[in-house]
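Written below as C-alpha cells is the structure these notes are about.
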Amino acid sequence: MKATPPELDRLTHALMSPLTTLQGTVQLLQRRLSNGPDEQQALLLAALERNVQRLRTVCDLLLQRASFDGTHLQMRVLPDDLAHHSAASTTTTYQDLPVAPAQAVQPPVETVTSRGGHQCVLVIAAATSPAAMLLPLLHERGFTVELIEASTSGIDRVREVRPSLVLVDPHVDHEAEIALQILSEDPETKGIVLAVLSNEFHWTGTRHPFLIDPMLAPEQAVHLLTQHLSPSDNPLHSRQRILIVDDEPDIAMMIAAQFERDGFQTTQVHSGTEVLQIVREQRFDLILLDVMLPDIDGFTALGGLRAQAETQLIPIILLSAINSPMEKVRGLELGADDYITKPFSAAELSARVQAAMRRSEREGGANPSTRLPGNIAIERAISQRIDQGLPFAVGYCDLDNFKAYNDRYGFLKGDAVILRTAQILLDAIRTMGNPDDFVGHIGGDDFVVISTPDRIEAICSTAVARFDATAPFFYDPATRQRGFISGVDRQDRPTRFPLASITITVISSARHTFRHPGEVAQRAAEGKKRGKQIPGSLYLLQE
C-alpha cells in the first residue's frame, strides 16, 4: 500500500466534507417529515439527493485523477469522462432511502415544585455573591427561592426539598467542588438541574453542570436559568452520550442532530486538544473522531485517548474523507473500533455506532457502573509489565464499612459511592501519576491502581485524603454528626459501623519479583487482612 501525499489528503477532505454535510442534511430532512412529504417536498428532496450523488461521482473522478508534483495539485480529466460520470449518476428517490430506526426517548425528569405549585430554585452561595442577587428576580418570576450559605448545609437541604434547580457559587467555601460532585451523582439529586456561577470551571464529575457567567447582567442570568428549567432541557440520565469531534461545525451539527433524534445526548468539539481535555471532565459512551483536525490529527488524538484510563475502553469510531486501506489499518492498529469514510449515510452511521456499543458491552470487560476496565484488562495490564520487565506498583483499594452503608441507604446510593470512588482514583492518577498509569474496577467496592514505585505513594496519599474529605457527604446530617451507623454484623450482633473509609494495599516490584499476576493478587490479599484491622483510611506498603 502506497501512502498518499498530505496535499492530496487535504484535497479529499476539502471536497468530501461539504458532501457529507449535504448528504446528511438531506437524510435528516427526510426523517423529520415523519408523516411523509407532500408531492412538492418529495420532488425537491429527490432532486437534492440526485445532485448530491452527481457531485459525489464527479468528486470521486477528480480525486482518482489528482496528483501532486511537489508544487501544484494537478487533475488530468478528459471532457468526455466528466460528461459521462455526471450523466451516469444514480437517481435515488425519497422512498428508496434507508432510514435508521429511531430509538424511543425516555420522558424527561419531572420538574420538582414547591407546595404552592411554583418551581423551587435553591442557591448555595454567600449572601454577597452575585448568585444571591438573582433571588429577587427569580421570585418576581414566580419561583420559590432559598439561599444556603454553606456547601454541607446545601447538600442536606437539596436532598430535603428536591428543588427544580440548584445554583452553586464555587467560591462559597472550600467544599463547594465536593458538593457539586455529590449533587451530580447522588440518586436523590442527580435529576435536578445543576448550574455553577462561573465562566471557567474545572469539572471532574460525571454530569457536567451548565455555567452562568458571573459578569452577565442579572436579567440575562435569570433568563438562562429559566431556559434550563424547561422540561426539554432537563438531563436524561438514562440516555447514552456520544462525543462528536469534527473540524467542520456543519458536519458535527448534522451528526448531533441525527443522534439527538435517536435519543442520545451529544457533545461537539472541533479539535484534538479539546477532545483530550473534555474526556477528563465528562463521561461518554462512544466517540466519533474525525481524522483531519486543525491542531493534532485524529490518529494522535486516538493514541492519547487510549493512553488515558478514562477512555481506554470507550468505543471510538474514526471518520475520514480518505478511503485508504493503509489509513484504515493504521486507525484500527491504534485502537479504533471502526473506520467510516465520508460521505456516509445516516443509516450506516447509526448501525456502526450501535454495533460498536454492543461489542463494547460484550467484549470490553468494562464494569457497567464505572466504565473502568474490569478483571480481564487488569490481569493483562499487570502481565504486560511483568513480561516487559517494567517497574510497577499495584494498589488494591477496598472500601471499609461499605456493606453497612449499602444496607442502610440502598444500592442506588451505594452505586453513587462506588462511582465517586472511581473518580477520586482517576483524579489522583491524573494529578500525581504517570500518563500511562491504570485504574481498574475489580467489582463491588474493590479497585486497582497501577503506577510506578516512585509515584504510588503520592497517588495513594492523595486518594485517601480526597476520599476522607468526601465520605461525610454520603450520609444524612444525623449520621454524619454521630459518626457511625447502628446495625448488625454478619453474625447478627448489634454493631456500630464507622463512616466509610478506604484501605489501599500496595505491592511493588521494587520489593518483590513477580512471575505472574496471581502472585501479585496473593500478596495483596495478605496485606488487605492487615489493613482491614486498622480503623480509618490508610495505605499500606506490603513488605
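With UniProt numbering, the residue at position 137 of the sequence shown is 137, and numbering never jumps. Heads up, the beta-carbon is just placed ideally off N, CA and C, and yes, glycines get one too.
Quick check on this structure: which residue in Gln-491, Arg-493 and Arg-530 has the alpha carbon closest to the alpha carbon of Val-506?
Walking along the sequence shown from the start, residue 506 turns up at place 506. Closest by alpha carbon: Arg-530.
Does the separation of the CB atoms of Ser-369 and Thr-341 fall below 8 Å?
Position 369 of the sequence shown, counted from the first residue, corresponds to residue 369. Position 341 of the sequence shown, counted from the first residue, corresponds to residue 341. Ser-369 is not a Cβ neighbour of Thr-341, given a cutoff of 8 Å.
State buried or exposed for Gly-440, treating a residue as buried only when at least 16 other CB atoms are found within 10 Å of its CB.
Residue mapping note: residue 440 aligns to position 440 of the sequence shown, counting from 1. Label assigned to Gly-440: buried.
State buried or exposed for Ile-456, treating a residue as buried only when at least 16 other CB atoms are found within 10 Å of its CB.
If you number the sequence shown from 1, residue 456 lands on position 456. By the 10 Å Cβ count, Ile-456 comes out buried.
So, helix, strand or coil for Asp-476, using DSSP?
Start at 1 with the first residue of the sequence shown, and residue 476 comes out as number 476. Correct three-state label for Asp-476: coil.
Per DSSP, Ala-66 is paired with what?
Here residue 66 refers to the residue found at position 66 when the sequence shown is read from its first residue. According to DSSP, which records beta bridges pairwise, Ala-66 is partnered with Met-75.
Quick check on DSSP: helix, strand or coil for Glu-146?
The residue labelled residue 146 in the question sits at position 146 within the sequence shown. Secondary structure at Glu-146: strand, using DSSP grouped into helix, strand and coil.
Grab me the residues of Phe-392's own chain with a C-beta within less than 7 Å of its C-beta, minus the 5 sequence neighbours each way, in chain order.
Working through the sequence shown from its first residue, we reach residue 392 at position 392. So the qualifying residues of the chain are Arg-385, Ile-450, Thr-452 and Ser-509.
Is DSSP giving Leu-499 helix, strand or coil here?
Locating residue 499 in the sequence shown gives position 499, counting from the first residue. Coil at Leu-499, not helix or strand.
For the beta strand (DSSP E) that Thr-266 lies in, which residues bound it at each end?
Locating residue 266 in the sequence shown gives position 266, counting from the first residue. Taken as a continuous stretch (DSSP letters only), the beta strand (DSSP E) holding Thr-266 covers 265 to 269.
Phe-447 (DSSP reduced to helix, strand or coil):
Residue numbering aside, residue 447 sits at position 447 when the sequence shown is read from its first letter. Residue state, collapsed to three classes: strand.
Which residues does DSSP list as the beta-bridge partners of Ile-504?
The residue given as residue 504 occupies position 504 in the sequence shown. The partner list for Ile-504 (beta bridge, DSSP) reads Cys-397 and Tyr-539.
How far does the beta strand (DSSP E) with Ser-486 in it reach, from first residue to last?
For the purposes of this step, residue 486 is taken as residue 486 along the sequence shown, with counting starting at 1. Element bounds for Ser-486: 484 to 488.
Rounding to the nearest angstrom, what Cα-Cα distance links Ala-307 and Ile-278 in this structure?
Your numbering for residue 307 matches position 307 in the sequence shown. Your numbering for residue 278 matches position 278 in the sequence shown. Rounded to the nearest angstrom, the two C-alpha atoms are 15 Å apart.
Opening and closing residue of the alpha helix (DSSP H) in which Val-291 lies:
One-based indexing of the sequence shown puts residue 291 at position 291. Per DSSP, Val-291 belongs to no alpha helix (DSSP H) and is neither H nor E.
Status (buried if at least 16 other CB within 10 Å, exposed otherwise) for Gly-518:
Counting from 1 along the sequence shown, the entry for residue 518 is found at position 518. Exposed, since its Cβ has fewer than 16 Cβ neighbours within 10 Å.
Inter-residue spacing [alpha-carbon to alpha-carbon] between Thr-93 and Gln-258:
Locating residue 93 in the sequence shown gives position 93, where the first residue counts as 1. Locating residue 258 in the sequence shown gives position 258, where the first residue counts as 1. Here Thr-93 scores only 39 on pLDDT, less than 50, and its place in the model should not be relied on; the value that follows carries that caveat. Rounded to whole angstroms, the separation of the alpha carbons of Gln-258 and Thr-93 is 20 Å.
Report all residues from its chain with a CB closer than 6 Å to the CB of Leu-197; omit the five preceding and five following residues, and keep chain order.
Taking the sequence shown and counting its residues from 1, the one referred to as residue 197 is at position 197. Within the same chain, Leu-197 has close Cβ partners Ala-131, Asp-169, Ile-212 and Pro-214.
Taking all protein chains shown into account, decide if Leu-293 is buried (16 or more other Cβ within 10 angstroms of its Cβ) or exposed.
On the sequence shown, position 293 is the one that residue 293 refers to. That one is buried.
Using the Cα positions of Asp-60 and Asp-454, report the straight-line distance between them to the nearest angstrom.
Taking the first residue of the sequence shown as position 1, residue 60 is located at position 60. Taking the first residue of the sequence shown as position 1, residue 454 is located at position 454. Using only the alpha carbons, I get a separation of about 55 Å.
So the candidates are Val-166, Glu-248 and Arg-241; which of them puts its Cα closest to the Cα of Phe-210?
Counted from its first residue, the sequence shown places residue 210 at position 210. Nearest of Val-166, Glu-248 and Arg-241 to Phe-210, Cα basis: Val-166.
Pro-494 (DSSP reduced to helix, strand or coil):
As a first step, residue 494 is located in the sequence shown; it is residue number 494 there, counting from the start. Strand.
Could you pull the start and end residues of the beta strand (DSSP E) that Leu-194 belongs to?
Position 194 of the sequence shown, counted from the first residue, corresponds to residue 194. Looking at the DSSP string, the run of the beta strand (DSSP E) that includes Leu-194 is 193 to 197.
DSSP on Thr-341, reduced to helix/strand/coil?
Along the sequence shown, one-based indexing puts residue 341 at 341. It is a strand residue.
Cys-120 - partner residues in DSSP beta bridges:
On the sequence shown, residue 120 is found 120 positions in, with the first residue counted as 1. In DSSP, Cys-120 forms a bridge with Thr-144.
Residue from Arg-283, Arg-261 and Leu-288 whose Cα sits closest to the Cα of Ser-271:
Taking the sequence shown and counting its residues from 1, one reaches residue 271 at position 271. Comparing Cα-Cα distances from Ser-271 to each of Arg-283, Arg-261 and Leu-288, the minimum goes to Leu-288.
Please report the straight-line C-alpha distance between Arg-261 and Asp-295, rounded to a whole angstrom.
Numbered from 1 along the sequence shown, position 261 holds the residue referred to as residue 261. Numbered from 1 along the sequence shown, position 295 holds the residue referred to as residue 295. Roughly 30 Å separates the two Cα atoms.
Quick check on the burial criterion: 16 or more other C-beta atoms within 10 angstroms. Buried or exposed for Pro-435?
Counted from its first residue, the sequence shown places residue 435 at position 435. By the Cβ neighbour-count rule, Pro-435 is exposed, with fewer than 16 other Cβ atoms within 10 Å of its own.
On the CB-based measure, 16 or more other CB atoms within 10 Å of its CB, does Asn-51 come out buried or exposed?
As a working mapping, residue 51 is identified with position 51 in the sequence shown. Residue environment: Asn-51 is assigned as exposed (fewer than 16 neighbouring CB atoms within 10 Å of its CB, all protein chains considered).
Quick one: measure Cβ to Cβ for Ile-317 and Asp-337, integer angstroms, because I've assumed they're closer than 8 Å.
Indexing the sequence shown from 1 puts residue 317 at position 317. Indexing the sequence shown from 1 puts residue 337 at position 337. Indeed they touch by this definition, with Cβ atoms about 6 Å apart.
What's the C-alpha gap between His-139 and Tyr-475?
Here residue 139 corresponds to residue number 139 of the sequence shown, with the count starting at 1. Here residue 475 corresponds to residue number 475 of the sequence shown, with the count starting at 1. As the crow flies, the alpha-carbon of His-139 is around 31 Å from that of Tyr-475.
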